[in-house]
Amino acid sequence: MTAVVERIAVPTLALLASAVLFGLLLAIYARVDPLEAFALMYQGAFGTWFSWQNTLTRAAPLILTALCTALPARMGLIIIGNEGALVMGGVAAAAAGVAVIDAPAPVVQLAMAVAAMIVGGLWIALAGALRQWRGVNETISSLLLTYIAIALMNHFVEGPLRDPSSLNKPSTWPIGDQNMIGTITGTDVHWGLVLGIVACLIVYVWMRFTTWGFALQVIGGNPKTARMMGLDVGRYVLLACGAGGAMAGLAGMVEVAAIHGRANASLAVGYGYSGILVSFLARHHPLAIVPVSILLGGIGASGGLLQRRLDLPDAAVVVLQGILFVAILASETLYGRLWKPKEAA
Amino acid sequence: MENGGLGLWGVPLAMLAGAIRVSTPFIFVSVGECLTERSGRINLGLEGTLVMGAMSAYAIALTTGSPWLGVLVAACVGLLLGALHAGICQLPRVNDIATGIGLMLLATGLAFFLGKPYIQPKAPNLGAIELGWWSGIPQVRQALQVNYLFVVGIVSAFALAWALKNTRWGLIVRLAGESVDAALAMGVPVGRVRLIATAIGGAFAGVGGAFLSLYYPGSWNEGLSSGQGLMAVALVIFARWDPIRCLWASLLFGAAGAISPALQSVGITEGYYLFSAAPYVLTLGLMIATCSPERALRGAPGELGAVR
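Take a look at the structure:
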């Protein structure tokens, strides 16, 4: 029982502490009434049906990119190349969509999703493989791969895949309106949200009820034990990283097929980085990722309102995310210290 | 002719110029991180420290008119961020890799937040030493304009290498990095040593940021740093925790970073974006070449868990 209370109390404390710190920053530096700012943020995130839809639309890619950190984290790897996998997935999806543009819409969408998942999966699996067989630190390599991915995207949208009519913002050819993923009936929220929630459910079942998922946890808990049990660690590294990368790639596909209609620099707007934060806030638990993504999506959605009403820089939201991240990590130390365990001697 | 009739010779020359100009932030960040890692702590957040240093140096130089005061403030900001990282990491059960990522996000966001008013105006730049006075070719002259900070960076790399090897203080840092047990047995306060080493490492990164905003490229905007701080951390691994080797590696990275603008300056624009990925590919390639899954790297501090 204590454990459950603790798992709710500690993150809540961290959330409150971040809110206080952020409020102080607003009050002292920006001379803005923090209570007014928080009220506005609530308004912009969850206040109206319109802002709810905005929030949920932003939550969709966060759910998918968060899985890119969460899955490898289950076996003790810290992958932060989510943004790169998202970008590569988006470019691959656009390329695949354009290649089969005249096929029926479901076929085009399937081709886009498969292409994005394969490319995104390979992208992160590469970081996992380098870790497993060359001992290269996966955190650094996956972030370097992100910079490479963005350079590759720039190369493709400026060169081989460029639509000559996209003058101001170099982009790939459009995938065609008829091939776009529609919105959930009665809302402006696209189906990517459902895709993300289903993905989280699948990952949860996979982790919780299959031997593969169990093997992953064993490796995360103690790699030496895992090896002695005869588990092929390398295969599971590829599997976890590949599956995580595929999810981030899918996020890129959703952004292309539901929002932009083509791949361009708008793909790299930081969903990947926020996804890292979501995963850590959710303690890498697939089911916790959904509500945390909605919370973070809400913070992101409220940025515009803060900017318009209080004249705050758009980075205000990023600052809050950063404070939240550090506070949550620092709060790890509180576990087991708030209450004394019963059997303590 | 734009390149003064140098033709393709302009490419290696521009790369030399790049090695001198682009490498300075790498030198500062990697030398600082070298000290931090030798004490047994890893700070992945230096990318954020770099951006924060760049912003604060620019803001101070703009408001006071003195770029050197900006450099000093950038160092202080870096010192604080480093101390914050060390302080959080010292709490039990806190992961230093994850904290580094968190602080990277926080410091970058904070720099964009606080630095918004300084994007347009022009702050005074740091001066340079003209080493190309003997040459009549303007490109050579430009290439040999050496900033004072570049010299400071080289000196501090050698100074750190000497201090780590020959002073009592260097021995204490190395001891904290090699074995906590031995250090505690000797009565060395490991936590305090790491706190100081991480704070000083942060200060170095802050100065590296000041170079970015006050000399080259010499302005403040949100796209100022593109992973230099992170590459410098990777570079420390490649340089096997030796400040002098960090220096050579930084020069190499500076040259790699200058490839695509250099090619563009002689009229080769094909694959500009591919060449702009060169430093990242180089970093990754070097890490693949130098790391090994079987053994810890030669020269790796024993307590450094992150680089297994």
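Note that the protein sequences, when read in sequence, are chains A and B. Just so you know, the numbering used here puts the end of the first sequence at 345, numbered straight through with nothing missing. Just so you know, the numbering used here puts the end of the second sequence at 308, numbered straight through with nothing missing. Beta carbons: idealized from backbone N, C-alpha and C, even for Gly.
Spatial distance of residue i from residue j (CA atoms)
{"i": "A/ALA226", "j": "A/GLN217", "result": "9 angstroms"}
{"i": "A/ILE349", "j": "A/GLY186", "result": "This structure gives no information on residue 349 of chain A, because the portion of chain A shown stretches from 1 to 345."}
{"i": "B/ALA107", "j": "B/THR49", "result": "6 angstroms"}
{"i": "A/GLY275", "j": "A/THR65", "result": "5 angstroms"}
{"i": "B/TYR216", "j": "B/TRP68", "result": "15 angstroms"}
{"i": "A/ALA258", "j": "A/GLY192", "result": "8 angstroms"}
{"i": "B/GLU2", "j": "B/LEU286", "result": "With a pLDDT of 44 at B/GLU2, under the threshold of 50, the modelled position of that residue is not reliable, and the figure given next carries that caveat. Cα to Cα, the separation comes out at about 35 angstroms."}
{"i": "A/GLU332", "j": "B/GLN145", "result": "49 angstroms"}
{"i": "A/MET207", "j": "A/PHE214", "result": "6 angstroms"}
{"i": "A/GLY252", "j": "B/PRO301", "result": "39 angstroms"}
{"i": "B/GLU130", "j": "B/PRO25", "result": "20 angstroms"}
{"i": "A/LEU430", "j": "A/ILE289", "result": "As displayed, chain A neither begins before 1 nor continues past 345, which places residue 430 of chain A out of reach and without an answer."}
{"i": "B/CYS53", "j": "B/THR63", "result": "The amino acid occupying residue 53 of chain B in the given sequence is Gly; Cys does not appear at that position. Straight-line Cα distance between these residues: approximately 15 angstroms."}
{"i": "B/ARG38", "j": "B/GLU178", "result": "8 angstroms"}
{"i": "A/GLY182", "j": "B/ILE119", "result": "39 angstroms"}
{"i": "A/PHE325", "j": "A/VAL256", "result": "28 angstroms"}
{"i": "A/ALA330", "j": "B/CYS89", "result": "8 angstroms"}
{"i": "A/LEU122", "j": "A/ALA248", "result": "11 angstroms"}
{"i": "B/TRP248", "j": "A/ALA105", "result": "55 angstroms"}
{"i": "B/PRO279", "j": "B/CYS246", "result": "15 angstroms"}
{"i": "B/SER156", "j": "B/GLY209", "result": "16 angstroms"}
Cut-off 8 angstroms between Cβ atoms - residues of its own chain near residue i, not counting five sequence neighbours on either side
{"i": "A/LYS169", "result": "ASN264, ALA265, SER266"}
{"i": "B/ALA143", "result": "LEU13, ALA14, LEU16, ALA17, ILE20, GLY132"}
{"i": "A/GLN43", "result": "SER51, SER302, LEU305"}
{"i": "A/ILE294", "result": "THR55, LEU56, ALA59"}
{"i": "A/LEU338", "result": "GLU6, ALA9, VAL10"}
{"i": "B/PRO121", "result": "LEU62"}
Test: residue i CB closer than 8 angstroms to a CB of chain A
{"i": "B/GLY227", "result": "yes"}
{"i": "B/SER292", "result": "yes"}
{"i": "B/TYR58", "result": "no"}
{"i": "B/ASN95", "result": "yes"}
{"i": "B/PHE238", "result": "no"}
{"i": "B/GLY102", "result": "yes"}
{"i": "B/ALA300", "result": "no"}
{"i": "B/THR198", "result": "no"}
{"i": "B/SER39", "result": "no"}
{"i": "B/GLY223", "result": "no"}
{"i": "B/THR36", "result": "no"}
{"i": "B/LYS122", "result": "no"}
{"i": "B/TYR118", "result": "no"}
{"i": "B/VAL29", "result": "no"}
{"i": "B/LEU263", "result": "no"}
Contact belief for residue i with residue j at Cβ below 8 angstroms, rounded distance in angstroms
{"i": "A/ILE197", "j": "A/ILE63", "result": "7 angstroms"}
{"i": "A/ALA180", "j": "A/GLY261", "result": "Before going on, a small fix: residue 180 of chain A reads as Met here, not Ala. Yes, A/MET180 and A/GLY261 are in contact; Cβ-Cβ is about 6 angstroms, under 8 angstroms."}
{"i": "A/LEU67", "j": "A/CYS241", "result": "With 8 angstroms as the limit, A/LEU67 and A/CYS241 do not qualify as a contact, their Cβ atoms being about 11 angstroms apart."}
{"i": "B/ILE200", "j": "B/GLY32", "result": "7 angstroms"}
{"i": "B/ALA205", "j": "B/ARG194", "result": "Between B/ARG194 and B/ALA205 the Cβ distance is about 16 angstroms, and since that is not below 8 angstroms, they are no contact."}
{"i": "A/TYR204", "j": "A/PRO286", "result": "4 angstroms"}
{"i": "B/LEU224", "j": "B/LEU214", "result": "Actually they are not in contact, since the Cβ atoms of B/LEU224 and B/LEU214 sit about 11 angstroms apart, beyond 8 angstroms."}
{"i": "A/THR69", "j": "B/ILE97", "result": "So it is not a contact: roughly 12 angstroms between Cβ atoms."}
{"i": "A/LEU296", "j": "A/LEU310", "result": "Actually they are not in contact, since the Cβ atoms of A/LEU296 and A/LEU310 sit about 20 angstroms apart, beyond 8 angstroms."}
{"i": "A/GLY89", "j": "A/ALA116", "result": "4 angstroms"}
Close beta carbons around residue i, own chain, < 6 angstroms, minus the five adjacent residues each side
{"i": "B/LEU284", "result": "none"}
{"i": "B/GLY45", "result": "HIS85, GLY100, LEU103, MET104"}
{"i": "A/MET75", "result": "LEU216, ILE219, GLY220, ALA240"}
{"i": "B/ALA262", "result": "VAL11, ALA14, MET15"}
{"i": "B/ALA123", "result": "TYR58, ALA61, LEU62"}
{"i": "B/LEU235", "result": "SER30, ALA249"}
Test: residue i CB closer than 8 angstroms to a CB of chain B
{"i": "A/ASN222", "result": "no"}
{"i": "A/LEU305", "result": "no"}
{"i": "A/PRO286", "result": "no"}
{"i": "A/LEU110", "result": "no"}
{"i": "A/PRO313", "result": "yes"}
{"i": "A/ALA393", "result": "There is no way to answer for residue 393 of chain A, as the model of chain A reaches only from 1 to 345."}
{"i": "A/ARG235", "result": "no"}
{"i": "A/PHE38", "result": "no"}
{"i": "A/ALA344", "result": "With a pLDDT of only 43 at A/ALA344, under 50, the local geometry of the prediction cannot be trusted, and no value is derived from it."}
Residue i CB to nearest heavy atom of the ligand COA below 7 angstroms
{"i": "B/ILE244", "result": "This structure lacks the ligand COA; in fact it carries no ligand of any kind."}
Cutoff 8 angstroms: residue i Cβ touching any chain E Cβ
{"i": "B/VAL190", "result": "Absence of chain E from the displayed structure is noted, the protein chains being A and B."}
Residues near residue i in its chain [Cβ-Cβ closer than 7 angstroms; skip 5 each side]
{"i": "B/GLU303", "result": "GLY40, GLY177, GLU178, SER179, VAL180"}
Inset, instruction - Please go through the stretch 23-90 of chain A and give each complete beta strand (DSSP E) segment of 3 or more residues, from N-terminal end onward. - result: none
Legend entry - alpha helix (DSSP H) runs wholly inside the stretch 243-281 of chain B, at least 4 long, in chain order: Runs found: 243-257, 259-265, 272-276.
Inset, instruction - Could I get the ranges of all uninterrupted beta strand (DSSP E) runs contained in the stretch 89-165 of chain B, with 3 residues as the minimum, in chain order? - result: 128-130, 145-147
Legend entry - Secondary structure, alpha helix (DSSP H): runs of 4+ residues fully inside the stretch 176-238 of chain A: 192-209, 211-221, 223-228
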